[in-house]
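Numbering follows full-length UniProt numbering, with no gaps: position 322 of the sequence shown is 322. A virtual CB, placed ideally from N, CA and C, is assigned to each residue, including glycine. Fair warning: this is a prediction, and the values are worked out from it, not measured in the lab.
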Amino acid sequence: MTTLAANLRDRTAIAAWTREHGVYLALLVLVVFNAIATPNFLTVDTVQLLFSQVPPVIIVSLGMALVIGTGGVDLSVGSIMAIASAVLAKFVTGGSPIGVAMLAAVAAGLLVGVFNGLVVAIARVQPIVATLGVLVAGRGIALVITGGALVELFVPVFKDIRLGKFLGIPYVMIVAALLAVAVSFLVRRTAFGYRLLAVGGNRRASVLAGLPVRRTLVVVYAISGTLAAVAGVIATARLRASDPSYIGLLMELTAITAVVVGGTSLTGGRVRILGTVTGAILIQLLETTLVSHNAPDSVARMVEALIIIAAVYIQRPARSSR
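Put into structure tokens, the structure is as follows:
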């Protein structure tokens, strides 16, 4: 019996360690694989390329982590990116200054996020249903804004967003890092963060405790929409065009994968920001690795789906033990 108990404790300890540190181990394994099997991987140019590609994923994943922390999910983030891109193009082609156009794009994402939050918090529609509606309709709205066509944008500031660096680090990566720090502070050091985790842990108890559950949910979805819009602006700058059919496509899957792999439970009550950022880097590097080895994009999506299933399975003992 003593040996059996010891084995159970060892297995529990291993499972707990895997849940806490698995994403970092997986990233390390992938880096080692690329260092061995991918030509010219260990170069400054490769690292800078990764750091220029991953910021939109990180930024969207930060908002997704907050939503999942409340026990919900936001399937509309990709469509919000497309809407923000379309609004940006509409203002730029209409002669507005680029600063005004970018603010309008972010404001559009904020408004869609508030709408999602109101539907979830006030109408009490399940988050997956509420945001699925925006996922379906949002890209159509973006296509209507742009007239159903790709809009090329020759804006000088886009070159700085796309290629600008500070001490060798792309500007967009610095923006993503600052946003990650801000979101981490929000979750760990503010009353709002406490309420967010409380709502995700037990919504009924939060209501009975007098916490502003509805307001918290609206703000969380508003933040998610705003961050998705910021990512949409960055994606538009990289593409140098607004293409609602492409920008943000399947981003919701990528963001959910990054959050879950990073250790945030789909049942809510917990948000891991560092894990989410690491998960985003892992997913982007995985996609880059598959492309480098001539794997089709469909394979990358299947691998992401398998990663989600594996991550949820690994978290299962922790959820069932509560």
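Exercise for review: Look at the Cβ atom of V233, then the Cβ atom of A105, and state whether they are nearer than 8 Å.
Suggested key: As a working mapping, residue 233 is identified with position 233 in the sequence shown. As a working mapping, residue 105 is identified with position 105 in the sequence shown. Inclusion of V233 and A105 in the CB contact set at 8 Å is warranted, their separation being smaller than that value.
Check your understanding: From what residue to what residue does the alpha helix (DSSP H) around Y221 run?
Key -> For the purposes of this step, residue 221 is taken as residue 221 along the sequence shown, with counting starting at 1. Counting along the chain, the alpha helix (DSSP H) containing Y221 begins and ends at 213 to 239.
Review point. Can you tell me whether DSSP reads S242 as helix, strand or coil?
Key: Within the sequence shown, numbered from 1, the residue matching residue 242 stands at position 242. Correct three-state label for S242: strand.
Point to revise | Sequence-distant residues of its chain with Cβ nearer than 6 Å to P127 (five each side left out) | key: Taking the first residue of the sequence shown as position 1, residue 127 is located at position 127. These residues qualify, in order along the chain: G72, V73, V120.
Point to revise | Straight-line Cα distance separating D243 from V100 | key: As a first step, residue 100 is located in the sequence shown; it is residue number 100 there, counting from the start. As a first step, residue 243 is located in the sequence shown; it is residue number 243 there, counting from the start. Their Cα atoms are separated by approximately 20 Å.
Review point. According to DSSP, what are the bridge partners of T169?
Key: Reading the sequence shown from its first residue, position 169 is the one you call residue 169. Here residue 169 is Ile; the residue named in the question, Thr, does not match the sequence. When beta bridges are read from the DSSP output, I169 appears opposite F166.
Practice item. Mind the definition here: the stretch 75 to 92 touches the stretch 48 to 64 only if three or more C-beta pairs lie below 8 Å; say whether that holds. Key: Yes, the stretch 75 to 92 is in contact with the stretch 48 to 64.
Review point. Quick one: what does DSSP say V312 is sitting in, helix, strand or coil?
Key: Numbered from 1 along the sequence shown, position 312 holds the residue referred to as residue 312. Under the three-state reduction of DSSP output, V312 falls in the helix class.
**Study point:** Limits of the unbroken alpha helix (DSSP H) element including P296
**Key:** Working through the sequence shown from its first residue, we reach residue 296 at position 296. For P296, no alpha helix (DSSP H) segment is defined, and its DSSP state is neither H nor E.
Point to revise | Cα-Cα separation, V144 to A86 | key: Mapped onto the sequence shown, residue 144 falls at position 144. Mapped onto the sequence shown, residue 86 falls at position 86. For V144 and A86, the distance between alpha carbons rounds to 9 Å.
Point to revise | Opening and closing residue of the alpha helix (DSSP H) in which G248 lies | key: Counting from 1 along the sequence shown, the entry for residue 248 is found at position 248. The continuous stretches of alpha helix (DSSP H) do not include G248, and DSSP gives it neither H nor E.
Check your understanding: Since G201 is in the alpha helix (DSSP H), which residue starts that stretch and which ends it?
Key -> Position 201 of the sequence shown holds residue 201. Here the alpha helix (DSSP H) through G201 covers 191 to 201.
Check your understanding: Would you report the Cα separation of I309 and S96, rounded to the nearest angstrom?
Key -> Here residue 309 is taken as the residue at index 309 of the sequence shown, counted from 1. Here residue 96 is taken as the residue at index 96 of the sequence shown, counted from 1. In a straight line, the C-alpha of I309 is about 45 Å away from that of S96.
Exercise for review: Please report how far the alpha carbon of F51 lies from the alpha carbon of G201, in whole angstroms.
Suggested key: For the purposes of this step, residue 51 is taken as residue 51 along the sequence shown, with counting starting at 1. For the purposes of this step, residue 201 is taken as residue 201 along the sequence shown, with counting starting at 1. Each residue's Cα considered, the two are about 34 Å apart.
Practice item. From the DSSP output, read off the bridge partner residues of E152. Key: As a first step, residue 152 must be located in the sequence shown, where it is residue number 152. A241, per the DSSP bridge assignment.
**Study point:** Reference L163, options R240, T38, G113, closest by Cα
**Key:** Along the sequence shown, read from residue 1 onward, the residue named residue 163 stands at position 163. Checked all of R240, T38, G113; the closest Cα to L163 is R240.
Review point. Is it a yes or a no for the stretch 208 to 228 touching the stretch 27 to 47, going by three-plus beta-carbon pairs under 8 Å?
Key: Not touching, per the Cβ criterion.
Review point. Out of E20, P55, L28, which has the shortest C-alpha to C-alpha gap to A237?
Key: Indexing the sequence shown from 1 puts residue 237 at position 237. Nearest in C-alpha terms to A237, of all of E20, P55, L28, is P55.
Check your understanding: Can you tell me the Cα-Cα spacing of V312 and T257, whole angstroms?
Key -> If you number the sequence shown from 1, residue 312 lands on position 312. If you number the sequence shown from 1, residue 257 lands on position 257. When rounded, the distance between both Cα atoms is 10 Å.
**Study point:** N- and C-terminal bounds of the alpha helix (DSSP H) containing P56
**Key:** For the purposes of this step, residue 56 is taken as the residue at position 56 of the sequence shown. Per DSSP, the unbroken alpha helix (DSSP H) holding P56 starts and ends at 55 to 69.
Exercise for review: From the DSSP output, in three-state form, read off G263 for me.
Suggested key: The residue given as residue 263 occupies position 263 in the sequence shown. For G263, the secondary structure class from DSSP, reduced to helix, strand or coil, is coil.
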